[in-house]
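One line per chain: the protein sequences are G and U, in this order.
Each residue of the first sequence is one higher than the one before, starting from 335 at the first, in this note's numbering.
Each residue of the second sequence is one higher than the one before, starting from 39 at the first, in this note's numbering.
Using N, Cα and C, we set each Cβ at its ideal position, and we do this for glycine too.
Only one structure is covered here, and it is reproduced in the block below.
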Amino acid sequence: MDEIMELGLWQMVAAYLFIVVLYIILKLRGIEREKELLISTLRMTLQLVFVGYLLAYLFENNHVLWILLIIVVMQLFAIQNIFKRVKHPLGRKLKQIIILSMIAGTLASIFYFIIVVVQVTPWYEARYFIPIAGMMIGNSMTGVALGVQRLVEGMHDQRNHIEGALMLGATPKVASKKIVNQAFDAAILPTINSMVGMGIVFLPGMMTGQILAGLSPVTAIQYQIAIMLGIVGCVSITVIMFVQLGYKAFFNEKSQFRNL
Amino acid sequence: MFTLKEVTYNEILHIKELHIPGEKITCIVGESGSGKSTAVKLLNNLISSDAGSIEYKNKPIHTFDTIDLRREVVMVPQTPIIFDGTVKENLLIGLQFSEKPFVEDEKLHAVLETVHLKKSLEESADQLSGGEKQRLSLGRVLIMEPEVYIFDEPTSALDEATEDRVMGNIIKEIKGNQKTAIIITHSKKVAQTYGDLIVEIKNGQIVETKEISNHG
């Protein structure tokens, strides 16, 4: 079964029947969620169709400028998403630190992965670059968002402790060490945990896609292991950069605690 | 030791002139919300004034490195801060923060004696009562032996008998080592008994400065 089985129109229609089932359940039970269901289904379909054609175009017309544009769009989306997900006001300085750590951390990891691990030539080969960059930026986005949330909460909740340490002559770095560590831990824990269930509880999306698309499971697994390690590394680098710089946003140049 | 002139902060505080002498005990009294805590936080650069001049050892306070200054002018806040770990770790953490060498257990036992805290060094500090935590945080700064001690309501959680003993011992030690202390207190008795100078603050302004010469 080396041939890739493409899904025809009727097969796709058959798949949409799952949505019809859910729609009927909602109707029968009088749960008013039909509108959201329809919008979500429509959005999912349109977005994926759009991305599918976009990727097809990019794979055909591989150009470094396209890749650069895609990175910019992904980064903008990810950073905007972090700002939106954190439920506290973020000052200008903290926002700059988030932007810096996302860009520097993910780019360093992506290029290391592309050039050293996968050894793609040219490096901007869209077929490799886009999914790898997408996974690394996406996971880092989740990690940094968690890290920001925990850091901001910790700094606010434990302000008395931090000031207490400053009064005893601690540097801001030492005074906030515990909170910085907690934020880092909270940010990378989901990524570490996701490795545990890998292959047993669920087959990750990328691997499922590759297997369904006809790639040998062994090759798919090699890629999956590599990308998983890459994700762990990328999330760690972006989050450590963020927390190491982020705590500084809570102090002024006189080592005084300041609100964001 | 400190000289403040025309100091203002956030419309909470307006100090025309204040001189805090070295090697003396200065007590700051006044109603809650009068600006006492804000005033002392200017002295270890925990906050900065909006206007006016603050001098420490005859030099503008902003010329000192903030961290070095706080290692010389150590403050104990009103709510005692307890860090994770044992009584011993909590006693030593001031030295750790200020990058000073640790002391022997013997010294720690002596300090516990001074603050009347009959606890084992290995006990978890988290288990202590409010008053015990307050005494632990006082003991912590005694170990650091700074130039200037700032205490914000150091005995608010202590009963009168314990307050007498603890404050008596602390003041004796500070005076014996010829150090300076600034004590915010609501207790007229503490101010009268231990203060060489009593400064009264009302609505952010100094309304009275009184030298006490019958002790010290």
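Item                                                                                                                               : Value
Selected residue, minimal CA-CA separation from G/Arg426, among G/Phe584, G/Gly503, G/Leu360                                       : G/Phe584
Where U/Asp88 falls: helix, strand or coil (DSSP)                                                                                  : coil
G/Thr505, DSSP secondary structure in three states                                                                                 : coil
Three-state secondary structure (DSSP) of U/Gln172                                                                                 : helix
For U/Thr64, the first and last residue of its enclosing beta strand (DSSP E)                                                      : 63 to 67
Inter-residue Cα distance where the pair is U/Asn215 and U/Leu107                                                                  : 19 angstroms
Buried or exposed by the 16-neighbour rule on C-beta atoms within 10 Å, applied to G/Met339                                        : exposed
Presumed contact (8 angstroms Cβ cut-off) between G/Ile520 and G/Gly481, rounded CB distance                                       : Here the sequence assigns Ala to residue 520 of chain G, which means Ile is not the residue at that position. Right, the Cβ-Cβ distance comes to about 7 angstroms (below 8 angstroms), so this counts as a contact.
Per-residue burial, G/Ile526 [other beta carbons within 10 Å of its own, 16 or more giving buried]                                 : exposed
Between the CA atoms of U/Asp202 and U/Ala229 - distance to the nearest angstrom                                                   : 12 angstroms
Test item: CB-CB of U/Val238 and U/Val67 under 8 angstroms                                                                         : Inspection of the sequence shows that residue 238 of chain U is occupied by Glu rather than by Val. Yes; because the gap between Cβ atoms is below 8 angstroms, this pair is in contact.
Cβ-Cβ separation, U/Val141 to U/Leu176 (assumed contact under 8 angstroms), whole Å                                                : Actually they are not in contact, since the Cβ atoms of U/Leu176 and U/Val141 sit about 16 angstroms apart, beyond 8 angstroms.
Nearest candidate by alpha-carbon position, reference G/Ile561, set G/Leu343, G/Val451, G/Ile359, G/Leu579                         : G/Val451
Endpoints, beta strand (DSSP E) assigned at G/Ala517                                                                               : No beta strand (DSSP E) holds G/Ala517; the alpha helix (DSSP H) holding it covers 511 to 530.
Separation of G/Ala349 from G/Leu372, as counted between CA atoms                                                                  : 15 angstroms
In DSSP terms, what U/Tyr187 is bridged to                                                                                         : U/Val112, U/Ala219
Chain G contacts from the segment 79 to 109 of chain U (Cβ-Cβ distance under 7 angstroms)                                          : Asn82, Asn83, Leu84, Ile85, Ser86, Thr104, Ile105, Arg108, Arg109
CB contact below 8 angstroms: G/Met335 versus chain U                                                                              : A caution first: G/Met335 carries a pLDDT of 45, below 50, which makes its placement in the model too unreliable to give a value.
Residue interval of the alpha helix (DSSP H) (run including G/Tyr350)                                                              : 343 to 363
Cβ distance (whole Å) where U/Lys157 is taken to contact U/Leu166 below 8 angstroms                                                : 7 angstroms
Residues near G/Val420 by beta carbon distance below 7 angstroms, same chain, minus five either side                               : Ala479, Val482, Gln483, Val486
Neighbour flag for G/Met501 against chain U, beta carbons, 8 angstroms                                                             : yes
Stretch pair the segment 370 to 389 of chain G + the segment 441 to 449 of chain G: three plus CB contacts closer than 8 angstroms : no
Contacting residues, own chain, Cβ-Cβ under 6 angstroms from G/Arg461 (five flanking each side not counted)                        : Phe393
G/Ala463 classed as buried or exposed, judged by whether at least 16 other C-beta atoms fall within 10 angstroms                   : At residue 463 of chain G the sequence reads Phe, which differs from the Ala that was named. By the neighbour-count rule (16 or more Cβ atoms within 10 Å), G/Phe463 is buried.
Cross-strand partners of U/Lys79 (DSSP beta bridge)                                                                                : Note: U/Lys79 sits in no beta bridge, so no partner.
Span of the alpha helix (DSSP H) around G/Thr440                                                                                   : 426 to 446
Length of the line joining the Cα atoms of U/Lys240 and U/Ser72                                                                    : 5 angstroms
Span of the beta strand (DSSP E) around U/Ile236                                                                                   : 235 to 240
Nearest neighbour of G/Thr375, chosen from G/Gly364, G/Arg363, G/Val354 [CA to CA]                                                 : G/Val354
Residue-level contact to chain G via CB, U/Met39, 8 angstroms cutoff                                                               : no
Test item: CB-CB of U/Ile92 and U/Asp164 under 8 angstroms                                                                         : no
Residue-chain proximity (U/Thr117, chain G), Cβ-Cβ < 8 angstroms                                                                   : yes
Beta-carbon separation (whole angstroms), U/Arg178 vs U/Leu129, contact threshold 8 angstroms                                      : 5 angstroms
Cβ-Cβ separation, U/Gly169 to U/Leu150 (assumed contact under 8 angstroms), whole Å                                                : No, U/Leu150 and U/Gly169 are not in contact; Cβ-Cβ is about 14 angstroms, not under 8 angstroms.
Residue span of the alpha helix (DSSP H) that contains G/Leu549, given as start and end                                            : G/Leu549 -> no alpha helix (DSSP H), and no H or E assigned at all.
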